[in-house]
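Here is the structure we will look at.
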Amino acid sequence: MKYKIIIIAFLFSLNSFSQSDVNGKIKTEIVEKHELGYALHIPANTKGKKPLIIFLHGSGEKGTDIEKVKVHGPFKYIKNHELDAYILAPQCPENEYWNEEVLYRLILKIQKENNIDANRIYLTGLSMGGWGAWNLAFAHPETFAALVPIAGFVDRVPMIEDCKIKNIPTRIFHGLLDDVVNVDYAITIYKKLKSCNANVELTIFDDARHDSWSKVYDNQEIYDWMFKQIKTDIK
């Protein structure tokens, strides 16, 4: 009798480990809410359509103090110079990073509310903002007439899909001595873009560390170059 009980227990144990496949489906919706502060410079004359420069700051300017976005870049430049263009500088919240879809929604809002030339929208950024500029350009390449990333890290997607922005004139800047973001990122993406984008240039400042942006933004030359670029159809 004891022998029979053991056999039954063994058969039950085998049955408990039997496998089965289940096919199912889930339908859900995820809603995200984002809040983004920004500074917008409006040119003195708004009668005709004007270009728009979008400037993405670095990690040191995150937060809620909007004056921080004016420390570097185009807003710093217009303290002593004039630019006949709208300048948009969003501010990334603390504990967040640039979200390209939120930025894109902001651009659409600014376009709708102002007299902006849709064929002359220029995107630039430094450090974390350079990284954000790369990602935003690849997410919406149809939007921009020129791209100027400075001292920015480059994600895997831009490295792989480099020809997605083949029609966007691009100027890349980096410091050779940068100890925050390695200059190799700029060199690698430049080489990849060069194979399909005839209008791409890389400038490496031999004496610059992470702050390679002051040399760029404090000079009228980069703004003159941007303003000459007019968006073409992307195919």
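Numbered by mature numbering (1 follows the signal peptide of the UniProt record, and there is no 0), the letters in the sequence shown go through residues -20 to -1, 1 to 215 in order.
Cβ coordinates follow ideal geometry from the N, Cα and C atoms, glycine included.
In the three-state reduction of the DSSP assignment, Pro70 falls in the strand class. Using a Cβ distance threshold of 8 Å, Tyr102 and Pro70 do not count as a contacting pair. Taking every protein chain shown into account, the CB of Asn60 has fewer than 16 other CB atoms within 10 angstroms, so this residue is exposed. Contact check between the stretch 146 to 154 and the stretch 121 to 131: three or more CB pairs, one atom from each, fall below 8 Å, which counts as touching.
The beta-carbon separation of Leu63 and Tyr203, rounded to 6 Å, stays under the 8 Å limit for a contact. Rounded to whole angstroms, the separation of the alpha carbons of Lys7 and Gly109 is 35 Å. Taking Trp114 as reference, the option from Leu83, Ile96, Ala24 with the minimal CA-CA separation is Leu83. Residue pairing by DSSP places Val180 opposite Thr150 in a beta bridge. By the Cβ neighbour-count rule, Lys89 is exposed, with fewer than 16 other Cβ atoms within 10 Å of its own.
Under the three-state reduction of DSSP output, Tyr57 falls in the helix class.
Ile10 and Glu81 have their C-alpha atoms roughly 15 Å apart. Contact between Tyr66 and Leu32 holds, since their C-beta atoms are separated by about 5 Å, short of 8 Å. With a cut-off of 8 Å on Cβ pairs, the stretch 185 to 197 is in contact with the stretch 152 to 163, counting three or more such pairs. Assignment of Thr212 by DSSP, reduced to helix, strand and coil, places it in the coil class. Less than 8 Å divides the Cβ of Cys72 from the Cβ of Lys42. A direct Cα-Cα distance of roughly 16 Å separates Ala98 from Thr104.
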